[in-house]
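A.B. asks: Below is the structure I would like to discuss, written out as structure tokens.
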Amino acid sequence: MLTANGRPNNNHHQIPSVMFKLRLIAIVAATCFLAVPAIDWLIPLARAQAFILTPAAEDPDVLDANSPADPVLQLPAEAFLGLPLDRKGAVDWMQALNSGIIAPRTTTRQMVMEEMEILDQDVIMKNTRDMPYVKFPHKPHTRWLSCSNCHNEIFATKTGSSQINMRKIFLGEYCGVCHGKVAFTPTNSCERCHSVPHGSTKAWW
Ligand code: HEC
Ligand code: HEC
Ligand code: HEC
82 MLTANGRPNN NHHQIPSVMF KLRLIAIVAA TCFLAVPAID WLIPLARAQA
132 FILTPAAEDP DVLDANSPAD PVLQLPAEAF LGLPLDRKGA VDWMQALNSG
182 IIAPRTTTRQ MVMEEMEILD QDVIMKNTRD MPYVKFPHKP HTRWLSCSNC
232 HNEIFATKTG SSQINMRKIF LGEYCGVCHG KVAFTPTNSC ERCHSVPHGS
282 TKAWW
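In this note's numbering, the protein residues as written are 82 to 286.
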């Protein structure tokens, strides 16, 4: 510290250093305070991401490496070869289905080929704060999922009866029962669900 006349200030050097410490504590405290809601979001976010980056088939808890079937099983990289990818590099299953590259069977029984019960009905969900509204489309879902996959355990057959938010989705509830596990992850491609701009929200995609 220099005084106004340029001489070192030995008398008061304690005061600025205490002030500095107080300021530092204030900054650290403020950062921690801000970080709490962020971590609240980030932890499930990271978990959801890890799910996608670690395909279940390569997980030693899922796959028994000592099983005689192990050598004949296809690895995900080999199985996914040639499938269309989304902009994040994950398989775009809807595009694969729409383009006819894959044709899911309705049953594992060899001779039976049942028709899927397709429901062409969208549900608009508006509890999205500043994000575009969510459009839940029944049609693409019911092309490969039966009603009982969702009703009534995950969702009641009444619009607006579920209290959904992103935290619950990241933790694997509601849409997160599948999205982030077997369907595209909610950490990417927000716009695939939040597809209906309203009021001041804009389409950024
Ligand atoms: C798999 C579909 C899906 C994806 C992907 C998705 N959301 Fe959501 N989001 C929802 C649903 C469903 C709701 C609840 C809507 C309701 O209840 O009306 C919601 C609600 C929200 C809300 C308001 C409630 C809350 O949790 O604060 C925000 C903000 C939000 N989403 C942000 C995002 C962001 C940012 C992304 C991308 C990182 C994203 N969402 C990706 C389905 C999705
Ligand atoms: C992938 C999950 C999923 C599948 C599969 C599914 N639904 Fe739904 N369904 C929903 C969601 C989500 C809602 C909205 C719930 C909410 O808003 O709380 C809904 C709402 C409904 C509603 C209420 C609509 C309204 O206007 O109140 C009916 C009826 C319904 N579904 C029937 C069906 C039938 C029939 C099938 C099978 C052909 C089916 N659903 C398959 C997720 C699904
Ligand atoms: C039972 C499993 C399941 C649940 C629950 C579920 N989804 Fe899906 N969803 C899928 C599958 C499987 C696909 C197709 C695979 C993919 O696109 O990754 C899909 C695809 C989608 C698509 C893409 C449709 C298209 O034509 O591109 C949207 C949008 C979507 N889901 C929104 C939602 C929202 C919003 C919820 C919650 C309200 C939800 N899903 C709940 C399984 C589910």
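In this text, a Cβ means the ideal position worked out from N, Cα and C, and glycines have one as well.
Span of the beta strand (DSSP E) holding isoleucine 205?
C.D. replies: 203 to 206
A.B. asks: Taking its Cβ as the centre, do 16 or more other Cβ atoms sit within 10 Å of cysteine 228, making it buried, or is it exposed?
C.D. replies: exposed
A.B. asks: Excluding the 5 residues preceding and the 5 following methionine 217 in the sequence, name in chain order all residues of the same chain whose CB lies nearer than 7 angstroms to its CB.
C.D. replies: Position check: residue 217 holds phenylalanine in this sequence, whereas methionine was assumed. Taken in chain order, the residues that qualify are Asp203, Val204, Met206.
A.B. asks: Could you please give the first and the last residue of the uninterrupted alpha helix (DSSP H) stretch that includes phenylalanine 251?
C.D. replies: Following the DSSP letters along the chain, one finds phenylalanine 251 inside the alpha helix (DSSP H) bounded by residues 247 to 251.
A.B. asks: Going by Cα to Cα distance, which pick from Ile182, Val215, Glu196 is closest to threonine 188?
C.D. replies: Glu196
A.B. asks: Which of the three DSSP states, helix, strand or coil, is assigned to lysine 283?
C.D. replies: coil
A.B. asks: Going by the beta-carbon positions, is the gap between serine 276 and proline 221 smaller than 8 angstroms?
C.D. replies: In this structure, proline 221 does not lie closer than 8 angstroms to serine 276 by Cβ.
A.B. asks: Taking the continuous alpha helix (DSSP H) assigned at proline 221, which residues delimit it?
C.D. replies: 219 to 223
A.B. asks: Hey, is the stretch 236 to 244 in contact with the stretch 162 to 173, meaning 3+ C-beta pairs nearer than 8 angstroms?
C.D. replies: no
A.B. asks: Helix, strand or coil, according to DSSP, for valine 193 in the structure here?
C.D. replies: coil
A.B. asks: Quick check: does the Cβ of arginine 210 come within less than 7 angstroms of any heavy atom belonging to ligand 1?
C.D. replies: Under cutoff, so the answer is yes.
A.B. asks: Out of curiosity, what's the CA-to-CA distance linking proline 185 and histidine 219?
C.D. replies: 17 angstroms
A.B. asks: Nearest-angstrom Cα distance between methionine 194 and threonine 282?
C.D. replies: Those two C-alpha atoms are separated by around 44 angstroms.
A.B. asks: Candidates Asn230, Thr223, Leu154: which alpha carbon is nearest leucine 178's?
C.D. replies: Ranking the options by Cα distance to leucine 178, first place goes to Thr223.
A.B. asks: State yes or no: is the C-beta of lysine 216 nearer than 7 angstroms to some heavy atom of ligand 2?
C.D. replies: no
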